[in-house]
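Heads up, the thing below is written out as structure tokens.
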Amino acid sequence: MKEKNYGVEFGRILSMLMIMGLHVLGQGGVLGELGYNSLKGQAVVYLEYLCVVSVNIFALISGFVAVNSQFKIRRLIGLWLQMMFFSVGMMLIIGPLYQISFEQVIESFFPTIHHGYWYFNAYLILYIFTPLLNKGIKALGKKELFQLLVIAFFVLSIVSSFAEKDAMYVEGGYSPIWLIYMYVVGAYIKIHGIPNLIRKRKLMLSIYFLFGILTVVAHDLRNLYLVYFDGFEGQDWWVRRYSFPTIFIMSVALFLYLISMKFPKRMHKIIGFFSTSALAAYLFQTHPLFYNLVLPGMFTKIADWTSLLLLGSVLLLSVFFFVAGVLLDKLRLWFVQRLKLDRMMDSVYAYIERKFV
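Be aware that the sequence shown starts at 1, since it is given in the numbering used here, and climbs by one per residue.
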């Protein structure tokens, strides 16, 4: 049996911590309190762009792991049930504390068709097409696949980032199209590898941080242009898109660094404990009611703290949200086992797979 790559599993944890941080900074109100024209503002902008790679890392991991896996109805249903647990559960907790409408209650029961959890919806589409993607990826030769990825990068990253009104329908990376592209990149790395780059771990990490600085420079130039030529007030975040070229390069570089990481065996169990429930943190923190009613402006006060204290607080808050989501998911799994629902669902999965797969 092939040994599990714990660098990949750690990548799930790290990318989810980054997502938690993005929401603390953005929806939590920190970014809105700080401009880009101060040292502290620049530090926060840099942290924001270092974390934006998170969704890309998750998609790269999906391709890296799933390209040699079989499509399983039970995984699809299992993900949907996990999502429904958090969607309905969070509504039952938040509902009594806030005056929510009947429409919001209905949306919590049917989040997939009411724009709840955009990443889950995009991943759902991606996962449905994985059998087709995997066969196509393996049918192409290394050179053909690489050429395809280069052309797709030009269209989906470069052209889409600068085209007027999102002409390529990539939506800044908030779309199944971009997740599918990142999946194929992850699958290419798994099948063909990039050995010369994977071996240069320090170089990959340096590229990640260096291109983060270049992204901040692009962000600043964009804002300076808007200030001096359009009289814009505030801070524009046009550069903050998963599909932006520098963000893509940062994502791949960090991913190559992660898959080359080695951990002592004593760490394997701890990493596995958190990585298997990493998605739960996203489902917990970005529940539409929590994200739109509870989280907005919650952390504006920390913007007044010193740079070091501010950044440390963002890290601690990210860890808090991540651990809270993971523990809630472990509680869900405990109830499932306690009530023997897992055995019942195994029977349902087996029936569906016999009839439809």
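Beta carbons are placed, not taken as given, at the ideal position from N, Cα and C, and that holds for glycine.
Anticipated Cβ contact below 8 angstroms, residue i with residue j, distance rounded
i	j	result
G186	L17	G186 to L17, Cβ: 19 angstroms. No contact.
L179	Y123	6 angstroms
G63	Y174	Not confirmed; about 18 angstroms, so no contact.
I57	A278	Actually they are not in contact, since the Cβ atoms of I57 and A278 sit about 11 angstroms apart, beyond 8 angstroms.
G29	P288	Actually they are not in contact, since the Cβ atoms of G29 and P288 sit about 18 angstroms apart, beyond 8 angstroms.
A218	V239	5 angstroms
F321	M90	Not really, about 13 angstroms apart at Cβ, beyond 8 angstroms.
D166	S157	Contact flag wrong, Cβ pair sits at about 13 angstroms.
F10	I249	Actually they do not touch by this definition, with Cβ atoms about 21 angstroms apart.
F284	I94	About 11 angstroms; that fails the 8 angstroms criterion.
S428	V88	The chain is shown from 1 up to 357; residue 428 falls before or after that span and cannot be answered.
G212	Y46	6 angstroms
N- and C-terminal bounds of the alpha helix (DSSP H) containing residue i
i	result
L47	L39 to C51
W80	I73 to I94
Y188	P176 to I191
A167	Looking at the DSSP string, A167 is not in any alpha helix (DSSP H), and its letter there is neither H nor E.
L97	L97 -> no alpha helix (DSSP H), and no H or E assigned at all.
M18	Y6 to L25
F263	F263 -> no alpha helix (DSSP H), and no H or E assigned at all.
T112	Taken as a continuous stretch (DSSP letters only), T112 belongs to no alpha helix (DSSP H), as it is neither H nor E.
K200	Unbroken run through K200: none, as it is neither H nor E.
S307	S307 to R338
L149	K142 to F153
Y291	Where Y291 is concerned, there is no enclosing alpha helix (DSSP H), given that its DSSP letter is neither H nor E.
Residue i, DSSP secondary structure in three states
i	result
M1	Only weak support is given to the placement of M1: the predicted model assigns it a pLDDT of 49, under 50, and the question is left unresolved by the model.
I359	Any answer about residue 359 is impossible in this case: the structure gives the chain only from 1 up to 357.
K269	helix
Q235	coil
R343	helix
N68	coil
G29	coil
A350	helix
R240	coil
S277	coil
G359	Outside the displayed span of the chain (1 to 357) sits residue 359, for which this structure offers no information.
Y282	helix
F129	coil
P245	helix
G35	coil
G212	helix
G136	helix
L156	helix
CA nearest to the CA of residue i, picked from the options
i	options	result
L315	S347, L124 and L25	L25
S307	E164, L339 and Q42	Q42
C331	Q104, C51, A280 and S157	According to the sequence displayed, residue 331 carries Leu and not Cys. Among Q104, C51, A280 and S157, the Cα nearest to that of L331 is on A280.
L92	Q82, Q104 and G141	Q104
K135	F284, L203 and Q70	Q70
Y49	Y228, L339, Y208 and F284	Y208
L203	F110, I259, A66 and L254	L254
D329	P131, L79 and A139	L79
S127	S15, R266, K72 and Q147	The sequence shown places Tyr at residue 127, not Ser. Minimum Cα distance to Y127 is reached at K72.
L210	W305, I247, K262 and Y181	I247
H192	Y169, G141, Y225 and G231	G141
V326	S318, Y36, Y169 and F274	F274
Y6	Q337, D346, Y257 and F335	Y257
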